[in-house]
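In my numbering, the protein residues as written are 742 to 1003. Glycine residues also receive a C-beta, built at the ideal position from the N, C-alpha and C atoms. Encoded as C-alpha cells, the structure appears first; notes follow it.
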C-alpha cells in the first residue's frame, strides 16, 4: 500500500463525504491507497453513508476522544508507506497525492510535507508557521493582533518575510493536511493525545524536527480548505469565555509545559 488517508469526522458528514469524493476523483496513476474514516461519536455518519463511495475502513468511537487521539486510531490501522492526515473540510486537488508522493520519494530526510491551501474564494490561507511566541495565541485570536507588538509577532509567526510560492523548510504545518512518512511517524510517536484540540500539529512537527526529520512546505501541491477560524479577532476578554478559545488555551498551557518558548 502506497498511501493511507485518515479523515476524522465530528458532526461534519456532508463535508466528509465531499472530501472522500475529491480523493476518489484525484489522479492516482499506479499508486495504491486506502481511506480510513474515524467518527468521533458525532452521531451523523454511519458505514451505510460511506458504502456508495467504495471500500472505506470505518472506525466509530464510543465517545469524542479528541482530534489527535482519533487520528491515532486511524494511523494504527493504516498500511500505507505514507500516511495523510486530512480534515473533512478539505478538497483534494487533482494531482496533490502524486506530487507529494513523488516529492517524499526523492527526499528521504523529509518526515512530513504540507502544501498550499486555498479558501473557497481562491485566496491563500496561512498553512506554515514559525514556532509561536508566548502571546501569539492571544494575538492570533483577538484584536490585540492589530496592535504594533501584535502585528510584529504575527508577521514573524506567519512567515510574512518569505516567498510562499517556494518549497522550503518550516517550523510547523497546519494539520488540516499532513503528508507523513509512516516510518518517521512511528519513530517519533503518534499524536500526543493530551492535546484534545489545537496544537497537536505544532507538537507533532516539533517531534519530527527533534527526531532528525525535515518539515517541508511544498506549494507545488494544493487543496481547498473550507475553514472558518472560530473566535478569530474577537475582543480580548471574549477569548476567555469562548468554548473554542478555551480548548486552545488549555492546549497552549500544555504546549508551554512540554516545550516552553524556544
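Tell me whether the beta-carbon of residue i lies closer than 8 Å to the beta-carbon of residue j.
i: residue 967; j: residue 867; result: no
i: residue 805; j: residue 781; result: yes
i: residue 932; j: residue 813; result: yes
i: residue 910; j: residue 957; result: yes
i: residue 942; j: residue 840; result: no
i: residue 794; j: residue 750; result: no
i: residue 779; j: residue 802; result: yes
i: residue 747; j: residue 810; result: no
i: residue 964; j: residue 875; result: no
i: residue 936; j: residue 995; result: yes
i: residue 878; j: residue 988; result: no
i: residue 816; j: residue 997; result: no
i: residue 821; j: residue 743; result: yes
i: residue 858; j: residue 918; result: yes
i: residue 993; j: residue 947; result: no
i: residue 856; j: residue 959; result: yes
i: residue 799; j: residue 788; result: yes
i: residue 986; j: residue 882; result: yes
Quick check on the burial criterion: 16 or more other C-beta atoms within 10 angstroms. Buried or exposed for residue i?
i: residue 939; result: buried
i: residue 790; result: buried
i: residue 861; result: exposed
i: residue 1023; result: Nothing about residue 1023 can be reported from this structure: the residues present for the chain run from 742 to 1003 only.
i: residue 907; result: exposed
i: residue 807; result: buried
i: residue 757; result: buried
i: residue 902; result: exposed
i: residue 924; result: exposed
i: residue 978; result: For residue 978, the pLDDT reaches just 48, beneath the cut-off of 50, and the residue's location in the model is therefore unreliable, although a value from the coordinates is still provided. Exposed: under 16 other Cβ atoms inside 10 Å.
Pop quiz: residue i and residue j are said to be a contact at Cβ under 8 Å. What is the actual Cβ separation, rounded to whole angstroms?
i: residue 880; j: residue 889; result: About 11 Å separates the two Cβ atoms, so there is no contact after all.
i: residue 777; j: residue 761; result: With 8 Å as the limit, residue 777 and residue 761 do not qualify as a contact, their Cβ atoms being about 11 Å apart.
i: residue 912; j: residue 949; result: 10 Å between Cβ atoms; not a contact.
i: residue 826; j: residue 952; result: That pair is no contact at about 17 Å.
Segment contact, 8 Å Cβ cut-off, at least three pairs: the segment 842-853 with the segment 884-901: Segments in contact, no.
Alpha helix (DSSP H) segments (min. 4 residues) lying fully within the segment 936-969: Runs of the alpha helix (DSSP H) inside the segment 936-969: 941-951.
Stretch-stretch touch, CB-based, cutoff 8 Å, three pairs: the segment 833-842 with the segment 762-770: yes
Those runs of the alpha helix (DSSP H) which lie wholly inside the segment 750-828 and span at least 4 residues: DSSP runs (the alpha helix (DSSP H)) wholly in the segment 750-828: 754-766, 788-791 and 808-818.
Contained beta strand (DSSP E) runs [length at least 3] in the segment 826-865, N- to C-terminal order: 831-833 and 851-859
Entirely enclosed alpha helix (DSSP H) segments - the segment 890-941, minimum 4 residues: Taking only runs of at least 4 residues, the alpha helix (DSSP H) segments lying wholly in the segment 890-941 are 923-929.
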